[in-house]
Amino acid sequence: MINKHFIIGLPRSRRQHDSIWVIVDRMKKSTHFLLVKTTHLEEDDAKLYIQEVTDGQAERTIQTLEYMLRSCVIDFKENWDDHLPLIEFAYNNSYHSIIQMGLDEALYGRRCRSPIGWFEVGEAGLIGPNLVHQFMEKVKVIQERLKTTQSHQKSYTDVRRRELEFEVDNCVYLKISNMKGVRRFGKKWKLSPRYICPYRISKIVGNVAYELELPQEFAAVHPVFHISMLKKCMGDLSLIILTGDIGIKDCLSYKEIPIQILDHQCHKLRTKEVASVKVLWRNQFVEAATWEAEEDMKKRYPHLFESAEVPN
Numbered sequence: 035m036i037n038k039h040f041i042i043g044l045p046r047s048r049r050q051h052d053s054i055w056v057i058v059d060r061m062k063k064s065t066h067f068l069l070v071k072t073t074h075l076e077e078d079d080a081k082l083y084i085q086e087v088t089d090g091q092a093e094r095t096i097q098t099l100e101y102m103l104r105s106c107v108i109d110f111k112e113n114w115d116d117h118l119p120l121i122e123f124a125y126n127n128s129y130h131s132i133i134q135m136g137l138d139e140a141l142y143g144r145r146c147r148s149p150i151g152w153f154e155v156g157e158a159g160l161i162g163p164n165l166v167h168q169f170m171e172k173v174k175v176i177q178e179r180l181k182t183t184q185s186h187q188k189s190y191t192d193v194r195r196r197e198l199e200f201e202v203d204n205c206v207y208l209k210i211s212n213m214k215g216v217r218r219f220g221k222k223w224k225l226s227p228r229y230i231c232p233y234r235i236s237k238i239v240g241n242v243a244y245e246l247e248l249p250q251e252f253a254a255v256h257p258v259f260h261i262s263m264l265k266k267c268m269g270d271l272s273l274i275i276l277t278g279d280i281g282i283k284d285c286l287s288y289k290e291i292p293i294q295i296l297d298h299q300c301h302k303l304r305t306k307e308v309a310s311v312k313v314l315w316r317n318q319f320v321e322a323a324t325w326e327a328e329e330d331m332k333k334r335y336p337h338l339f340e341s342a343e344v345p346n
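Take 35 as the starting number for the sequence shown in the working numbering and just add one per residue.
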């Protein structure tokens with residue numbers, strides 16, 4: 035079974051793309067992001083393809099995608115659609131806690147061979163019946179894990195679910211601390227406010243997105259936000275936080291910094307051996323550690339190898 039949804043109201047790119055068709059495989063969790071134009075979304079087609087999200091799975095995927103897109107739109111501006119395939123690869127290549135493996139690994143039966151070397155030594159030897167058998171075993175494990183997790187998540191979601199819906203001219207607070215490790219506004223850590231203003235809703239964009247009437251100092255921020263980033267204003271003016279006390283950062287990008295070497299391996303090629311190390315990055319869990327070329331890491335971060343020996 036798959037979930038389908040459209041994300042519309044994005045800044046128009048040079049190739050005139052302003053919408054994304056999101057397709058989510060509910061079993062393997064793999065996702066496809068397809069570029070479309072608003073002119074392609076006729077009213078009848080929209081009614082045919084857009085389905086109500088009842089279990090929160092596609093909604094969470096869309097929320098994560100919008101956070102990633104917001105970074106790309108700010109950093110790459112009108113060329114954001116050129117980077118959508120990289121966003122899809124990064125999303126599907128990430129570790130998923132429910133199935134306890136990468137999404138591409140669940141789809142293809144083995145880990146994706148990416149430039150960062152995310153593979154185990156000897157994995158290339160899996161061919162023919164062995165590969166098919168391993169894939170079937172993984173599918174069974176994934177189905178069992180998904181069934182258990184979805185059952186728990188549904189019972190939890192049904193208790194806490196709040197059906198939010200806003201109208202044009204409603205005033206809402208805007209959540210500003212939405213991404214781990216990335217702060218769009220100036221305040222840091224516990225001093226940073228969670229919501230600011232309120233702002234007036236000027237337009238309803240799709241089922242779960244709204245366009246806000248932002249002040250001029252927020253010109254660098256795309257005005258369309260997911261409903262999870264909004265909170266209804268009850269009219270208490272004492273709760274209003276002025277934007278002048280926050281400040282806005284011009285760049286949303288942040289640099290990943292390695293903090294520890296977890297493991298070491300040597301991959302034998304035809305004519306040489308390539309050594310790689312497993313690196314734990316700041317703001318990431320151990321499951322998200324990546325394999326990097328040892329030679330490159332020694333040049334860029336020599337202190338990691340001086341402080342402690344790399345395990346053999």
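Where a beta carbon is used, it is the ideal one built from N, C-alpha and C, also for glycine.
- The criterion of a C-beta distance shorter than 9 angstroms is satisfied by Leu314 and Gln294.
- Between Tyr244 and Ile235 a beta carbon distance of about 5 angstroms is seen, short of the 8 angstroms cut, so the two are scored as contacting.
- Looking at Gln187, Ile210, Asn241, the one whose alpha-carbon comes closest to that of Glu201 is Asn241.
- For Ser131, the number of other beta carbons within 10 angstroms of its own is below 16, and it is reported as exposed.
- Among the bridge pairs identified by DSSP, Asp59 is matched with Ile36.
- Taking C-beta atoms under 8 angstroms as the contact rule, Asp115 and Leu68 fail to qualify, at a distance of about 11 angstroms.
- Secondary structure at Glu139: helix, using DSSP grouped into helix, strand and coil.
- Annotation: the continuous beta strand (DSSP E) that includes Glu307 extends over 307 to 315.
- For Phe259, the enclosing beta strand (DSSP E) stretches over residues 258 to 260.
- Residue pairing by DSSP places Val242 in no beta bridge whatsoever.
- Taking the Cα positions, Val255 is about 29 angstroms away from Ala322.
- The beta-carbon separation of Tyr233 and Leu198, rounded to 16 angstroms, does not stay under the 8 angstroms limit for a contact.
- Beyond the five residues adjoining it in sequence on each side, Leu137 comes within less than 8 angstroms, by CB distance, of Lys62, Lys63, Ser64, Thr65, Tyr125, Asn126, Asn127, Ser128, His130 in the same chain, given in chain order.
- Gln294 is bridged by DSSP to Leu314.
- With 16 or more neighbouring CB atoms inside 10 Å of its own CB, Phe259 falls in the buried class.
- With distances taken between CA atoms, Leu44 lies nearest to Met102 out of Leu303, Asn37, Met102.
- Scanning its chain for C-beta atoms nearer than 6 angstroms, with the 5 sequence neighbours on each side dropped, one finds around Lys312 the residues Leu296, Asp297, Ala323, Trp325, in chain order.
- If you check the CB distance, Met263 and Pro292 do not come in under 9 angstroms.
- DSSP places Lys71 in no alpha helix (DSSP H); its state is neither H nor E.
- Boundaries cannot be given for Tyr335, as no alpha helix (DSSP H) includes it and DSSP labels it neither H nor E.
- Straight across, the Cα-Cα distance linking Ile210 with Ser310 is about 38 angstroms.
- Nearest to Gln97 by C-alpha distance, out of Glu139, Arg46, Ile41, Arg49, is Ile41.
- According to the DSSP assignment, Leu198 belongs to no beta strand (DSSP E), since it is labelled neither H nor E.
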